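Residue numbers (the UniProt record's numbering): 1 to 152.
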Amino acid sequence: MRIFMLLFLLFPILELAVLISVGSAIGVLPTIGLVILTSIFGGLMLRIAGITTAWRARERLARGEMPDQEVLQGLMMAVGGGLLLLPGFISDAIGILCLLPFTRRWLVERVRQRAAEQAARQRAFADDLAARNGQPGSTKPNVLEGEYERRD
1 MRIFMLLFLL FPILELAVLI SVGSAIGVLP TIGLVILTSI FGGLMLRIAG
51 ITTAWRARER LARGEMPDQE VLQGLMMAVG GGLLLLPGFI SDAIGILCLL
101 PFTRRWLVER VRQRAAEQAA RQRAFADDLA ARNGQPGSTK PNVLEGEYER
151 RD
């Protein structure tokens with residue numbers, strides 16, 4: 001949680017520093033123009049992401065399949081479009097990485113791996129709790145019981 005707080009405080013400062021340095025290098029009006037163009041592009045990408053994701057998900061559901069990959073890719077496209085809406089060049093670079101097909105697939109695969117790991121941890125914890133409570137169909141938990149004595 002601390003990393004998110006630090007990132008939340010540090011990110012706007014970094015964005016402002018990059019915005020000022022780009023503005024001093026290419027000028028104020030071109031910088032403002034780039035920020036406006038990326039915001040327009042981000043808005044379009046949000047619209048396109050929503051429509052294409054809904055279309056692909058509907059096709060998968062019609063075939064009787066779960067649209068998990070389409071939903072995650074649509075989410076990445078929505079995050080990328082949202083980041084492009086924010087004023088700044090760092091958020092634009094991250095947003096473009098979310099929109100490029102090969103980096104989006106890589107990010108989706110990483111999210112799926114992390115979700116699978118988290119689900120396995122939660123499942124192990126839930127199985128252990130079920131075994132402790134003596135629910136039917138559960139095995140005994142892998143717990144070693146013992147006593148200890150602290151000697152100074």
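All residues carry an ideal CB built from backbone N, CA and C; glycine is no exception. None of the values given here were measured: they were computed from a predicted structure.
**OP:** Would you kindly report the start and end of the unbroken alpha helix (DSSP H) that includes residue 149?
**Re:** Within the sequence shown, numbered from 1, the residue matching residue 149 stands at position 149. In the DSSP assignment, residue 149 falls outside any alpha helix (DSSP H) and carries neither an H nor an E.
Original post:
Roughly how many angstroms separate the alpha carbons of residue 85 and residue 118, rounded to a whole number?
Top reply: The residue you call residue 85 lines up with position 85 of the sequence shown. The residue you call residue 118 lines up with position 118 of the sequence shown. Taking the straight line joining both Cα atoms gives about 31 Å.
Original post:
For residue 98, which of 57, 149, 120 and 46 has the nearest alpha-carbon?
Top reply: Numbered from its first residue, the sequence shown carries residue 98 at position 98. Per the Cα distances, 46.
Original post:
Should the segment 100–113 be called in touch with the segment 76–90, which here means at least 3 C-beta pairs below 8 Å?
Top reply: Contact holds between the segment 100–113 and the segment 76–90, because three or more Cβ pairs, one in each stretch, are under 8 Å apart.
Subject >> Nearest candidate by alpha-carbon position, reference residue 43, set 109, 82, 29 and 121 >> reply: Counted from its first residue, the sequence shown places residue 43 at position 43. Answer by Cα proximity: 82.
Original post:
In chain order, what residues of the same chain have a beta carbon less than 8 Å from the beta carbon of residue 145, not counting five sequence neighbours either side?
Top reply: As a first step, residue 145 is located in the sequence shown; it is residue number 145 there, counting from the start. Excluding positions up to five away in sequence, the list is empty.
Original post:
Does the distance from the C-beta atom of residue 53 to that of residue 71 stay below 8 Å?
Top reply: As a first step, residue 53 is located in the sequence shown; it is residue number 53 there, counting from the start. As a first step, residue 71 is located in the sequence shown; it is residue number 71 there, counting from the start. The Cβ-Cβ distance between residue 53 and residue 71 falls below 8 Å.
Subject >> Three-state secondary structure (DSSP) of residue 63 >> reply: Taking the first residue of the sequence shown as 1, we reach residue 63 at position 63. In the structure shown, residue 63 sits in coil (DSSP, three-state: anything other than H, G, I, E or B).
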